[in-house]
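All the letters of the sequence shown, read from the start, carry residue numbers 1 to 212 under full-length UniProt numbering.
Yeah, the Cβ is synthetic: ideal placement off N, Cα and C, and Gly gets one too.
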Amino acid sequence: MYAYFMHGVEPVNVANKDTDIPWPLSMRWPLAFWRGIFAPTPSDFVVNPQVDPVLERGRYLVEGTGHCGACHTPRSLTMQEKALSESEGDDYRRAAMRRLTAGSPPACAAKTATVWGLERSRAGRVPQTGRNDKSVVFGGMSDVVEHSLQYLSDDDITAIARYLKSLRRAAANRPQPRWKTAWRKICGRVTTVKPAPRCTSITALPATAPTA
Numbered sequence: 001m002y003a004y005f006m007h008g009v010e011p012v013n014v015a016n017k018d019t020d021i022p023w024p025l026s027m028r029w030p031l032a033f034w035r036g037i038f039a040p041t042p043s044d045f046v047v048n049p050q051v052d053p054v055l056e057r058g059r060y061l062v063e064g065t066g067h068c069g070a071c072h073t074p075r076s077l078t079m080q081e082k083a084l085s086e087s088e089g090d091d092y093r094r095a096a097m098r099r100l101t102a103g104s105p106p107a108c109a110a111k112t113a114t115v116w117g118l119e120r121s122r123a124g125r126v127p128q129t130g131r132n133d134k135s136v137v138f139g140g141m142s143d144v145v146e147h148s149l150q151y152l153s154d155d156d157i158t159a160i161a162r163y164l165k166s167l168r169r170a171a172a173n174r175p176q177p178r179w180k181t182a183w184r185k186i187c188g189r190v191t192t193v194k195p196a197p198r199c200t201s202i203t204a205l206p207a208t209a210p211t212a
């Protein structure tokens, strides 16, 4: 198709449409300052030899080539991502994984990962098909499935699932910040943190690869 459109189709002499973005939104130069302050510095992916290779593969796909955090992490008032990788702390583990797993409590991560399609089921796998027996992907995520996720291997889908589940587990084990505890005491709303509900209806993927 590229060769056909480049060499087999005659070009048309039509001027490009003028931009209709109003001033001051049409100014592009402020983006240079924004990028200088907020754009991350490119760096090579560093494999941690102490971590399960399956989890590291999942981390590479989620944080690197998949750059899932570009859509699934919160942004500040100046619209930069608060965190793009696990190394950037709680903003990534807390917010990104909550959005990727439909807001389920940490103990339900295995169930939600299965509903999302990260484990084999009769309805197929959502990342590769864009649907299951409950729902379909839509919006920008449909483009991700069409142009990217459907081509992943089963091993890569499993690696992503295990990595996401490991982040949910880390978020569940994170102690509450001191300021939040102090604020509850001031407001007279000191409560005991109850364990999240357990999800036992769907068999979970193991968090790490089995050993021989």
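- In the assembly as shown, P30 is an exposed residue. Its beta-carbon has fewer than 16 other beta-carbons within 10 Å.
- Using a Cβ-Cβ distance cut-off of 8 Å, the segment 49–67 and the segment 154–163 are in contact, since at least three pairs of beta carbons, one from each stretch, lie closer than that value.
- In the three-state reduction of the DSSP assignment, V62 falls in the helix class.
- Residue state for V136 is assigned as strand, using DSSP reduced to three classes.
- V126 is positioned such that its CB atom lies no closer than 8 Å to that of V144.
- In the structure shown, E10 adopts coil according to DSSP, grouped into three states.
- Taking S76 as reference, the option from S43, P42, W34, F5 with the minimal CA-CA separation is W34.
- Annotated three-state conformation of R162 is helix, per DSSP.
- Secondary structure of R75 (DSSP, three-state): strand.
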